[in-house]
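Chains as they are written, first to last, in the working numbering: chain S, 372 to 692; chain B, 372 to 692; chain P, 372 to 692; chain D, 372 to 692; chain G, 372 to 692; chain L, 372 to 692. Just so you know, even glycine gets a beta-carbon here, dropped at the ideal spot from N, CA and C.
6 protein chains.
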Amino acid sequence: MCRYTANKSMDNCAFCNADGDFLIVPQTGRLWITTECGKLQISPGEIAVLPQGFRFAVDLPDGPSRGYVAEVFGTHFQLPDLGPIGANGLAAPRDFVVPTAWFEDSYRPDYVIIQKFGGELFTAKQEFSPFNVVAWHGNYAPYKYDLTTFCPFNTVLFDHGDPSINTVLTAPTDKPGVALLDFVIFPPRWLVAEHTFRPPYYHRNCMSEFMGLIYGGYEAKADGFLPGGASLHSCMTPHGPDTKTYEATIARGNEAGPFRISDTLAFMFESCLIPRICPWALESPFIDRDYYQCWIGLRSHFTHEGASAKDGDIQNGEKED
Amino acid sequence: MCRYTANKSMDNCAFCNADGDFLIVPQTGRLWITTECGKLQISPGEIAVLPQGFRFAVDLPDGPSRGYVAEVFGTHFQLPDLGPIGANGLAAPRDFVVPTAWFEDSYRPDYVIIQKFGGELFTAKQEFSPFNVVAWHGNYAPYKYDLTTFCPFNTVLFDHGDPSINTVLTAPTDKPGVALLDFVIFPPRWLVAEHTFRPPYYHRNCMSEFMGLIYGGYEAKADGFLPGGASLHSCMTPHGPDTKTYEATIARGNEAGPFRISDTLAFMFESCLIPRICPWALESPFIDRDYYQCWIGLRSHFTHEGASAKDGDIQNGEKED
Amino acid sequence: MCRYTANKSMDNCAFCNADGDFLIVPQTGRLWITTECGKLQISPGEIAVLPQGFRFAVDLPDGPSRGYVAEVFGTHFQLPDLGPIGANGLAAPRDFVVPTAWFEDSYRPDYVIIQKFGGELFTAKQEFSPFNVVAWHGNYAPYKYDLTTFCPFNTVLFDHGDPSINTVLTAPTDKPGVALLDFVIFPPRWLVAEHTFRPPYYHRNCMSEFMGLIYGGYEAKADGFLPGGASLHSCMTPHGPDTKTYEATIARGNEAGPFRISDTLAFMFESCLIPRICPWALESPFIDRDYYQCWIGLRSHFTHEGASAKDGDIQNGEKED
Amino acid sequence: MCRYTANKSMDNCAFCNADGDFLIVPQTGRLWITTECGKLQISPGEIAVLPQGFRFAVDLPDGPSRGYVAEVFGTHFQLPDLGPIGANGLAAPRDFVVPTAWFEDSYRPDYVIIQKFGGELFTAKQEFSPFNVVAWHGNYAPYKYDLTTFCPFNTVLFDHGDPSINTVLTAPTDKPGVALLDFVIFPPRWLVAEHTFRPPYYHRNCMSEFMGLIYGGYEAKADGFLPGGASLHSCMTPHGPDTKTYEATIARGNEAGPFRISDTLAFMFESCLIPRICPWALESPFIDRDYYQCWIGLRSHFTHEGASAKDGDIQNGEKED
Amino acid sequence: MCRYTANKSMDNCAFCNADGDFLIVPQTGRLWITTECGKLQISPGEIAVLPQGFRFAVDLPDGPSRGYVAEVFGTHFQLPDLGPIGANGLAAPRDFVVPTAWFEDSYRPDYVIIQKFGGELFTAKQEFSPFNVVAWHGNYAPYKYDLTTFCPFNTVLFDHGDPSINTVLTAPTDKPGVALLDFVIFPPRWLVAEHTFRPPYYHRNCMSEFMGLIYGGYEAKADGFLPGGASLHSCMTPHGPDTKTYEATIARGNEAGPFRISDTLAFMFESCLIPRICPWALESPFIDRDYYQCWIGLRSHFTHEGASAKDGDIQNGEKED
Amino acid sequence: MCRYTANKSMDNCAFCNADGDFLIVPQTGRLWITTECGKLQISPGEIAVLPQGFRFAVDLPDGPSRGYVAEVFGTHFQLPDLGPIGANGLAAPRDFVVPTAWFEDSYRPDYVIIQKFGGELFTAKQEFSPFNVVAWHGNYAPYKYDLTTFCPFNTVLFDHGDPSINTVLTAPTDKPGVALLDFVIFPPRWLVAEHTFRPPYYHRNCMSEFMGLIYGGYEAKADGFLPGGASLHSCMTPHGPDTKTYEATIARGNEAGPFRISDTLAFMFESCLIPRICPWALESPFIDRDYYQCWIGLRSHFTHEGASAKDGDIQNGEKED
């Protein structure tokens with residue numbers, strides 16, 4: 372429907388999502404996005420949110436781009452409630468940037484609007500640019516965010532924080548504490564916890580985790596998780612560091628001092644829903660059918676010394692709701 | 372299943388909706404509704420609500436009737452919270468009228484109950500009238516409302532109120548501010564706003580709008596929207612006054628004094644959901660395939676004088692959630 | 372997938388429900404349940420809850436067992452808010468018992484994990500027992516409850532309590548007062564209400580009621596409802612005591628003194644949703660196609676004396692929301 | 372200020388409480404109350420609520436009256452949320468009765484209005500009756516309630532319900548579960564709990580309890596608590612049945628069958644605040660300075676048999692918030 | 372403490388309110404306010420809010436100024452929830468203006484800070500200007516608002532809106548619907564309601580009303596309420612238009628067409644608390660001891676025709692809470 | 372009233388606080404506390420909470436003890452909602468320890484109970500030990516907590532966390548986010564933030580801060596703040612590190628690597644209320660009248676380079692509520 376130019380930019384054509392909001396995470400190549408509120412330029416390491424109902428067109432100044440897009444319905448992204456973190460920390464409101472107002476009042480014959488509605492695409496033709504909005508009120512607008520402005524928190528004496536401590540944006544459900552979609556990042560940061568297994572722990576999650584990597588390596592996968600790749604760990608499927616990472620951690624022992632994780636930017640889309648995987652992905656030649664092998668060879672390091680039940684652990688007793 | 376008499380009334384037969392509530396908006400012909408709580412007589416200009424689980428039968432004293440019916444599931448209609456309107460305004464609780472208690476204790480061989488359950492119809496036979504309820508407590512009951520008792524509010528100096536200012540009843544969702552179904556009317560009223568474009572403005576809506584007309588004309592459509600007709604503007608589809616209304620407004624200019632809109636009663640069912648249109652409607656000979664032409668010929672009256680971005684409009688800046 | 376031994380216990384095999392929680396109501400035969408938190412032994416008259424994501428295996432020390440299982444998604448069971456009942460009554464937190472911690476660190480070749488995920492079953496093989504959890508924090512754990520510890524409340528002068536007064540556990544929805552699933556019991560108790568029709572009253576319910584009987588008889592069905600049986604009364608379908616129970620109650624009159632219902636344990640799964648009945652049940656040879664006959668012969672005992680509408684009953688008047 | 376007639380009725384004079392609402396509990400003598408909404412006649416065994424701002428006058432057809440009055444500020448009385456009691460029980464909305472509209476349009480020279488405002492009394496004179504209100508909307512109105520229509524609930528197998536189970540009306544604070552004032556009654560009812568100490572238990576309360584007796588005797592005080600009397604047990608002061616009641620209960624043993632408490636009507640004002648006692652009460656000749664003696668001679672019946680700590684009772688363990 | 376210059380500006384001195392927020396309503400003379408966030412210039416017809424903890428100094432470019440100040444503790448002013456008014460109306464967020472950042476880095480010997488804390492004034496000396504803040508984040512800042520940007524709503528067919536429809540800002544309490552302080556204005560607007568008594572109605576209020584007049588006349592007081600004056604109507608004290616206004620309204624009759632109220636700006640501070648009046652005000656020579664005379668001579672225009680109680684008005688019936 | 376033994380323990384005497392809860396922070400000397408639920412032994416570095424209404428007696432095995440006590444009314448301490456910290460971090464429920472059940476059934480002539488009620492002390496005599504409670508249900512109990520089990524979080528890349536990140540327990544008000552009393556600690560931890568001023572920043576607080584020191588030094592006061600001391604910074608009074616700490620930080624520069632703060636335990640009681648200081652404290656010889664001198668000599672290190680207002684900082688613009 373859209374005529375694409377050589378570099379795959381959108382030409383004489385705009386898109387509009389009537390169903391929900393797009394969260395865009397570019398991994399290679401910049402995006403120049405024209406919206407009814409003005410222009411946003413985002414590079415890998417930045418993200419953009421294009422809310423439901425805005426018309427926009429994307430130009431690719433660097434040629435073909437690649438990245439990740441999440442779509443949410445019936446809600447919008449918001450900053451997480453910071454709880455005891457208080458007034459400052461994680462993503463700050465002031466670092467979310469909206470476009471400078473811009474419009475064009477121009478004749479554009481055969482201009483095409485593609486509207487996504489009810490999961491289908493519809494087109495309409497008009498004779499003028501849709502970017503002719505000359506005034507706008509309120510804070511419902513497209514915006515971008517530079518992930519390097521994120522201020523990470525974590526444990527600073529012992530133990531291991533939940534990934535939720537790195538939440539950038541959350542699309543909530545009606546149930547407190549249950550997210551339709553959390554956007555979480557794993558940025559450069561200091562590790563200082565003492566007597567602690569520092570890599571992401573082995574766990575099952577009541578949410579589904581879709582991970583991607585924007586640049587660098589990922590601390591829990593020594594091999595085989597490359598920028599532009601993605602993994603999906605469904606609800607209640609156990610997972611954790613690969614064997615190589617695990618054994619290296621064990622070998623290092625508990626006495627590791629401060630360590631700075633640098634040159635990495637991984638992220639997670641975490642949802643209370645079970646994502647349906649489309650045939651295009653399931654049939655992709657790039658699917659890693661040997662992924663499970665990253666855990667082959669995991670050995671138990673458990674010893675029975677001192678393994679009696681401690682007071683306060685689960686025993687016959689009272690269950691409070 | 373029901374044997375209908377010549378005038379299409381329900382005879383020896385009652386209906387029951389086990390799935391949800393009916394909101395009935397007659398447009399021509401009165402309805403005499405017998406319910407387990409008593410009898411309701413409604414005429415065009417009045418509405419009735421028949422809640423989930425009540426058995427009722429409808430007689431048509433004027434012969435065939437015509438109108439609109441909305442059904443809501445999992446919630447009930449309630450008055451909107453009035454906010455700063457305070458204690459009085461819009462629809463008043465005292466104008467919602469329930470039936471006077473009435474019952475019959477009579478033998479009715481082959482009486483048929485039709486129950487709508489899970490979207491399907493089931494029938495059962497019994498030998499007595501279902502309208503044999505001799506006592507009832509509480510305020511879960513059928514009721515009717517006369518739309519002329521609605522007390523409309525609007526702007527009284529400048530600018531243009533949202534249609535929500537005319538909400539009669541709302542069926543809420545769990546999300547504050549998001550309605551499963553708002554029932555909104557456009558009744559006779561004074562227009563006094565100065566320096567303002569008075570007709571309904573051009574907009575896209577995150578809700579879907581189903582409009583109908585009970586009598587008179589509709590202020591935003593000079594032609595082609597007749598009593599008994601209906602229009603549907605889906606989520607994020609732009610719409611507004613037709614070309615004729617728009618040009619007449621422009622011609623009139625900004626200096627219009629007080630004007631009384633009389634002899635009209637339009638309404639809207641507005642929902643956060645996307646309505647699915649049934650084949651009966653899509654294939655109807657009455658469908659207006661030229662509806663879009665009401666906007667053909669719309670001209671831009673925008674001039675570039677003074678069109679710089681004003682302080683306070685959208686610019687690079689902070690986005691609060 | 373699981374190899375079952377002669378008595379149908381699970382052997383070298385564990386199950387995990389990634390979709391939701393199981394509420395298990397055994398009716399005959401004990402269950403010895405091994406979980407990652409330890410072992411639970413339940414007998415008929417007790418219930419067990421196995422939350423989403425826990426691996427468990429079931430042994431049947433008495434041979435084949437029989438009972439009822441409910442599954443809830445997206446929420447967990449909790450105690451009902453007691454309202455004016457205050458600090459004590461119905462099910463007490465202290466009577467919900469979690470397992471004593473137990474683990475095995477053993478080699479188990481070809482051990483099979485069956486995971487229910489998205490309504491389908493998946494299997495995985497491993498070489499060790501899954502019951503190797505040596506520490507656990509928090510109160511997310513399997514638990515059991517002995518229904519004889521339930522402290523029932525009811526009317527103690529006149530009138531008839533709602534069944535909700537016997538709620539043991541509730542799985543809430545986001546809407547206050549609307550349960551995804553209420554687990555309600557009808558235990559032994561005193562009936563003392565004066566001038567009152569004491570059996571469960573005739574009614575239609577906006578929820579769907581699935582009833583079962585653990586032992587003894589059920590007060591509202593003189594015949595034909597046996598331990599291990601079940602009935603389903605869908606949303607808005609009228610139901611109540613059978614003819615025999617009704618006539619016996621009428622014959623007894625209003626002057627019945629205190630009466631102790633003993634030796635009975637019926638229960639109800641009550642849901643705001645409409646349960647879909649699987650073909651296995653619809654085609655069962657055990658389905659009771661004559662169930663409706665339990666109400667054949669019901670006679671009206673209504674007399675018109677004094678049957679005028681009382682002040683305060685429904686009349687033309689105000690409807691408050 | 373008001374001229375009282377021989378029987379102490381208010382003559383040519385009306386009262387208005389600008390500070391809060393009055394809850395009136397007459398104990399002897401009827402009250403004929405004229406309000407701006409009409410007339411209410413209440414007798415002992417009924418209560419009346421006169422909300423903030425209504426003008427009223429009281430006539431005493433039986434001569435001097437006696438009773439109890441509570442005043443609440445900043446909130447109003449409401450029915451308690453019934454919790455699992457469901458739709459029916461305790462006080463029913465339909466039994467709260469408002470006056471039939473009545474007005475007089477008459478010349479009344481030197482009519483006096485006494486207004487309580489900020490804890491002080493102010494007077495104004497006017498020449499007409501204040502009961503000249505010819506129309507009124509809404510449900511903010513004086514009302515009365517007959518305490519015999521209260522439908523009591525309690526335990527019907529074992530154990531002992533909290534007094535809150537007998538709440539008629541509650542004036543809430545902003546904190547859920549904490550009442551500014553609960554109005555609780557102890558009406559005739561059946562006691563059937565088995566193996567249970569049936570009188571009100573010994574306890575300390577985080578609320579303050581003011582008790583009164585309308586007629587009959589009170590089950591926990593064998594002597595010395597007469598109709599028209601009152602007791603006050605402040606926050607955290609231990610109290611319970613008197614020695615005589617206690618020893619009689621012990622003598623009776625655990626095997627008591629159903630017992631009907633009749634001919635009694637006690638009540639309680641229970642508040643989260645500490646009531647300040649006015650000098651008039653502290654210096655009254657009717658104060659019972661020997662009240663504490665009702666507990667003299669209480670003996671311990673505790674035996675050490677089986678008194679080891681049970682699993683599940685308090686031990687070193689986890690405290691959930 | 373502060374040295375005032377001839378025109379009473381604050382010189383080498385700043386004030387800080389540690390207790391709460393100031394809402395300033397100038398009535399004559401402009402205020403140039405320097406704050407730690409920058410400078411605000413306000414004129415009569417504008418308001419300013421100086422939140423708790425900000426240091427500020429005020430200059431008076433026009434010489435002595437006069438106006439009204441309200442102080443709120445423990446909460447802040449916010450926009451009212453608009454309810455059915457929807458997205459636009461009353462005061463718009465975009466019209467609240469914060470200062471452009473400004474600072475001075477200067478030596479100021481003997482500079483005095485006056486801090487209001489716990490209702491008392493404390494002073495401290497320092498050697499530098501307090502207006503040395505070079506960066507600030509967040510939206511906790513002083514702001515001003517031009518009252519002519521307020522978009523008034525009201526009834527546009529019949530009946531009379533509550534004053535709350537003109538709420539500019541509200542300082543809420545913890546109780547929904549109950550304001551610590553509402554700031555309400557009565558701006559120029561069209562009156563169009565038919566068959567309606569248009570002036571503010573006679574009423575008693577559960578809140579206390581402090582009114583002031585910024586310029587022009589006030590529609591309900593034909594005489595004696597001048598710009599710069601104030602009236603206080605305490606909780607439950609009846610009040611309404613003066614006799615002259617009332618008689619003029621009656622004379623005009625029900626058939627008045629559209630009428631534009633122009634050249635007026637009255638306002639109200641409305642609080643759920645009872646304001647304590649300071650001796651300075653009670654002993655002022657400017658107190659109007661004859662205020663009550665504005666209502667002398669009010670006559671009843673009530674006729675008994677048709678004055679029977681209508682169905683639906685208050686009668687014996689059900690009281691819902 | 373209590374007879375104290377040589378080491379000041381309570382002998383034949385128990386205390387009960389009917390008004391509120393005590394939070395006890397010992398600084399020197401252990402406390403052996405006997406309660407109705409059993410015995411708690413706490414040492415400096417641990418805290419105890421004794422809730423409203425429990426009787427307790429304190430023995431001092433080490434002789435005189437010293438420490439801090441806070442009392443809260445109308446609410447109880449709870450764990451803070453962790454927000455994005457998720458499931459683990461700060462104080463864990465499992466580390467709050469309640470006593471093992473213990474009772475004595477003994478004759479104790481002239482035993483004295485001292486009850487604090489309404490801010491006054493009352494005494495009563497009895498002949499038996501009050502620690503005769505043989506059973507107890509629920510989780511309303513005294514408890515203790517070892518502050519070394521606290522798992523601190525903080526920034527791990529740049530910037531500076533709010534003190535609220537170290538909240539151990541909070542006593543909430545009805546207003547979300549506003550604490551009656553927060554108990555906050557400053558425990559040993561790693562500092563790793565880059566390009567950041569690491570000591571507690573200079574600020575004014577809308578809460579009042581009472582600080583104490585249990586052992587070691589406090590990072591923001593190089594001199595003069597000793598274990599057992601206390602400081603109070605009232606609402607909106609500016610404060611921060613002393614001059615010596617500030618200059619040392621500036622001298623160290625921005626390039627400081629990871630640094631472990633060890634051997635320190637400071638804490639804060641932070642309240643939304645203004646504490647009233649009793650004469651005993653104001654007239655103490657230990658009051659530090661030169662405290663303000665710790666800030667004498669603070670110099671400005673601000674340079675004007677680059678100090679223009681940045682886009683996104685406060686300017687004329689929109690204020691969102």
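Going by beta carbon distance, what residues of the same chain come within less than 8 Å of residue 620 of chain S, once the five residues before and after it are set aside?
568, 569, 570 and 612
Is any beta-carbon of chain D found at less than 9 Å from that of residue 650 of chain B?
no
Would you call residue 655 of chain L buried or exposed, if buried means 16 or more other Cβ atoms sit within 10 Å of its Cβ?
Within 10 angstroms of the beta-carbon of residue 655 of chain L lie fewer than 16 other beta-carbons, which makes it exposed.
With a cut-off of 8 Å on the beta carbons, I'd call residue 404 of chain P and residue 410 of chain P a contact; round off their distance for me.
Between residue 410 of chain P and residue 404 of chain P the Cβ distance is about 7 Å, and since that is below 8 Å, they are a contact.
When you compare only the Cα positions, how much space is there between residue 681 of chain G and residue 540 of chain D?
Bear in mind that the predicted position of residue 681 of chain G carries a pLDDT of just 44, short of 50, making it too unreliable to give a figure here.
What residue from P:575, P:632, P:587 and P:552 has the CA that sits closest to residue 525 of chain P's CA?
P:632
By alpha-carbon positions, which one of B:517, B:637 and B:440 ends up nearest to residue 466 of chain B?
B:517
Can you pull the chain P residues whose beta carbon is under 8 Å from the beta carbon of residue 577 of chain S, in chain order?
423 and 424
Which same chain residues end up closer than 6 Å to residue 534 of chain S when comparing Cβ atoms and leaving out the 5 residues on each side of it in sequence?
Excluding sequence neighbours, residue 534 of chain S sits near 555.
Going by CA-CA distance only, name the one from L:636, L:602, L:616 and L:489 that's closest to residue 661 of chain L.
L:602
From residue 547 of chain D to residue 415 of chain P, what distance separates their C-alpha atoms?
So the two alpha carbons sit approximately 38 Å from each other.
Can you name, in chain order, every residue of its own chain whose Cβ lies under 6 Å from the Cβ of residue 470 of chain P, other than the five neighbours on each side?
408, 409, 410 and 411
Any Cβ of chain G within less than 9 Å of the Cβ of residue 470 of chain B?
no
Beta-carbon gap between residue 542 of chain G and residue 675 of chain G smaller than 9 Å:
no
Considering only their Cβ atoms, is the gap separating residue 636 of chain B from residue 587 of chain B smaller than 9 Å?
yes
Cβ closer than 8 Å: which chain D residues qualify as neighbours of residue 387 of chain L?
607
When you compare the CB of residue 671 of chain P with every CB in chain B, is at least one pair closer than 9 Å?
yes
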